[in-house]
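Taking it in order: structure first as structure tokens, then the write-up.
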Amino acid sequence: MVFREKLPQGIVVTFNDVILLPGYTEVDPVEVDVRTRVSRNVWINVPIVSSPMDTVTEHELAIQLARLGGIGIVHRNLSTDEEVEMVRKVKEAPPYPVYTFCLDASQPARDALSAMRELAVDAIPVVEAGRPVGIVKKLDVLRNPDEPACKLSRRPVIATVDENPERLRRLMLENDVDIVVLVDSQGRYMGFVTVWALEYQRPFLPCLDSEGRLRVGAAISPFDKERALKLDKYADVLVLDVANAAHEKILTALKSIEKEITADLVVGNLGTYDSTIRVLTKLEKIDGVRVGIASGSICSTGVVTGVAAPTLWAVAQVADALHDQGIEIPVIADGGIKTPGDAVKAFAVGAWCVMLGRVLAQAHESPSPIIAVGEKKYKYYRGMASPGARQRRYAIDRYSRKVKDIYEGVEGLVPYAGPLENIVKEFVSGIQAAMGYIGARNIPECWEKAKLALVTVLGRKEIEPHSIRLEL
Ligand code: XMP
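If you're matching positions, the sequence shown starts at 2 in this note's numbering and goes up one per residue.
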């Protein structure tokens with residue numbers, strides 16, 4: 002299979018230039034298996050990787066994304082200790098959502114009702130001086146809404162916060178309760194887990210390491226060995242975070258790191274066949290590649306410098322180079338992926354998974370606060386080579402090398418899209434629908450079966466909603 006031959010020849014095309022052609026299919030979307038790898042040894046259950054950007058991936062998003070089956074890559078616009086701390090937080094987080102709401106023993110029981118409704122549970126923990134003393138049940142609250150919570154409280158089922166999901170499920174069934182109260186090793190209240198939180202893992206199994214902890218990646222600089230070695234103790238994947246990895250100084254610096262790390266090493270970004278071959282010959286350890294230069298929604302590299310390797314085109318180039326060298330490692334398509342269809346177009350030319358920036362910056366769990374402009378809600382999103390991000394980096398990272406005096410990224414607002422769970426569910430369903438049309442049961446079948454064709458500007462308009470007012 003030569004992936005470059007799937008694309009129109011003699012021109013460089015991007016996601017919007019091509020369409021996926023439907024094929025004969027025996028596959029229903031729900032049957033499509035989207036499991037894949039992000040690097041040689043790291044499996045993910047949904048093919049979504051978050052960009053290491055300071056408006057996309059900190060521990061909160063990484064925790065939730067791993068719970069949903071993908072993997073987050075923590076950004077490096079932080080001190081080494083801060084980045085290590087964020088990675089550790091992901092490793093220490095339970096692989097299911099924990100709610101921290103509780104009633105103080107003296108609070109009226111009625112205060113539990115809205116949380117019960119929202120979380121679809123029949124009980125809420127009661128806490129006194131930081132320790133759980135009981136739970137209040139819905140029927141008791143409805144009968145005696147004005148009583149203090151401690152008067153209605155019943156014996157809670159308690160487990161430590163690191164208890165495994167299977168045992169928690171069993172505890173709920175054996176004790177006929179739909180919440181388990183979680184404490185730390187000192188018996189202090191940490192939150193509670195609901196039967197639904199455990200159940201909702203079903204469509205998306207969490208992305209876990211061999212010890213049952215959530216998986217996480219971390220961005221590294223080739224010039225900061227100390228940081229890479231510290232992160233190596235906790236992260237599953239270290240992701241080189243430079244605009245163009247095919248650079249003599251970068252590869253020389255990386256050589257001294259690659260020998261000493263045990264986590265998988267993803268190298269990028271890469272953009273062309275030839276540069277990939279050069280990089281492969283220089284490095285001994287390479288467990289995955291991050292591909293695409295200047296396609297990102299916040300990138301201005303292409304405009305400022307005129308240099309670009311748009312992601313779709315670049316993926317075909319790099320996947321072919323790896324194939325010709327007999328190297329089978331995951332290809333991560335990175336930059337410009339706006340829709341599930343774009344992701345499947347990337348799979349068509351050899352990608353194993355996609356890295357998303359803007360799509361995930363819109364999530365509730367991304368680092369930016371929600372910004373209200375009139376009636377509408379937004380989140381802040383910026384390129385890592387934008388003025389704001391660069392200023393922060395030079396202030397904290399003594400290893401950043403100021404080798405150019407221009408900005409290659411922009412900053413702005415993106416619409417707030419609510420919980421990550423909804424975004425990921427919708428994105429994965431879209432991927433499954435597209436693969437259903439193609440007749441591909443999984444991503445490797447997509448490499449074989451998916452066909453792309455050039456579409457004209459008018460054709461592109463026709464396949465978008467048209468001839469209707471869309472305000473409703
Ligand atoms: P999307 O389109 O998902 O792209 O928002 C995210 C990817 O864009 C890259 N990135 C940048 N590229 N200047 C660039 O040229 C920047 O300031 C910048 N910041 C991020 C990166 O690969 C990311 O995953």
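All C-beta atoms, glycine included, are put in the ideal place defined by N, C-alpha and C.
Three-state secondary structure assigned by DSSP to residue i
| i | result |
| --- | --- |
| M356 | strand |
| E129 | strand |
| G269 | strand |
| C103 | coil |
| V305 | helix |
| T58 | coil |
| G218 | strand |
| T263 | coil |
| P207 | coil |
| P388 | helix |
| P530 | With the chain running from 2 to 473 in the structure shown, residue 530 is simply not present. |
| D34 | strand |
| I338 | coil |
| R373 | Sequence check: residue 373 is Ala here, not Arg. Reduced to three states, the DSSP call for A373 is strand. |
| Y274 | helix |
| R291 | strand |
| A121 | coil |
| S40 | strand |
| A198 | helix |
| V137 | strand |
| L69 | coil |
| A310 | strand |
| K234 | coil |
| S257 | helix |
Residue i to residue j span [Cα, whole Å]
| i | j | result |
| --- | --- | --- |
| V374 | N145 | 42 Å |
| V425 | I159 | 31 Å |
| I20 | P98 | 38 Å |
| L120 | I180 | 10 Å |
| L459 | A220 | 41 Å |
| R89 | Y235 | 6 Å |
| K283 | K250 | 11 Å |
| L174 | G342 | 41 Å |
| V28 | H248 | 44 Å |
| N78 | V292 | 21 Å |
| L114 | V43 | 42 Å |
| V122 | V196 | 8 Å |
| V3 | T312 | 17 Å |
| S430 | L172 | 32 Å |
| V14 | G440 | 24 Å |
| K260 | K286 | 8 Å |
| H324 | T457 | 31 Å |
| I64 | E227 | 25 Å |
| G327 | A229 | 28 Å |
| A322 | P166 | 42 Å |
| S274 | A315 | Ser is not the amino acid found at residue 274; the sequence shown has Tyr there. Approximately 8 Å between the Cα atoms of the pair. |
| M87 | R38 | 23 Å |
| I278 | N17 | 28 Å |
| S52 | V238 | 13 Å |
| K346 | L252 | 30 Å |
Of the listed residues the options, nearest to residue i (C-alpha basis)
| i | options | result |
| --- | --- | --- |
| L69 | F205, D105 and E212 | F205 |
| V142 | A130, A124, G135 and R156 | A124 |
| G272 | Y438, N245, L252 and E259 | N245 |
| L62 | V456, L357, W314 and Y438 | L357 |
| A106 | L230, E129, R77 and F16 | E129 |
| K231 | A264, E212 and H248 | A264 |
| Y190 | T161, V217 and R171 | T161 |
| R118 | V308, L140 and Q318 | L140 |
| P388 | V319, D55 and I278 | D55 |
| G192 | R228, Q108, L252 and P95 | P95 |
| G131 | D185, D288 and L252 | D185 |
| P133 | P149, D112, R155 and E148 | R155 |
| G337 | A310, A320, G269 and R111 | A310 |
| Y100 | C151, T306, V182 and E93 | V182 |
| C151 | S276, E449 and I136 | I136 |
| S80 | S296, R394 and V290 | R394 |
| G289 | P126, G351 and D82 | G351 |
heavy atom of the ligand GDP below 7 Å from residue i C-beta
| i | result |
| --- | --- |
| E409 | The ligand GDP is absent from the structure shown, which contains only the ligand XMP. |
Minimum Cβ-Cβ distance from residue i to chain C less than 8 Å
| i | result |
| --- | --- |
| E329 | Here there is only one protein chain, and chain C is not present. |
Taking one C-beta from the segment 23-36 and one from the segment 410-421 each time, how about it: are there three or more such pairs within less than 8 Å? Two segments are said to touch when three or more pairs of C-beta atoms, one from each, lie closer than 8 Å; by this definition the segment 23-36 does not touch the segment 410-421.
Quick test of the definition: if touching needs 3 or more C-beta pairs under 8 Å, does the segment 382-390 touch the segment 294-312? They touch, by the three-pair rule.
Count Cβ pairs between the segment 34-49 and the segment 449-464 that sit closer than 8 Å; are there 3 or more? The answer is no - the segment 449-464 does not touch the segment 34-49, with fewer than three Cβ pairs under 8 Å.
Contained beta strand (DSSP E) runs [length at least 3] in the segment 390-470, N- to C-terminal order: Every beta strand (DSSP E) stretch that sits fully inside the segment 390-470 and reaches 3 residues is listed by chain position as 412-416 and 452-455.
Segments assigned alpha helix (DSSP H), at least 4 residues, entirely inside the segment 142-196: Within the segment 142-196, the runs of alpha helix (DSSP H) that reach at least 4 residues and sit entirely inside it are, in chain order, 150-153 and 166-176.
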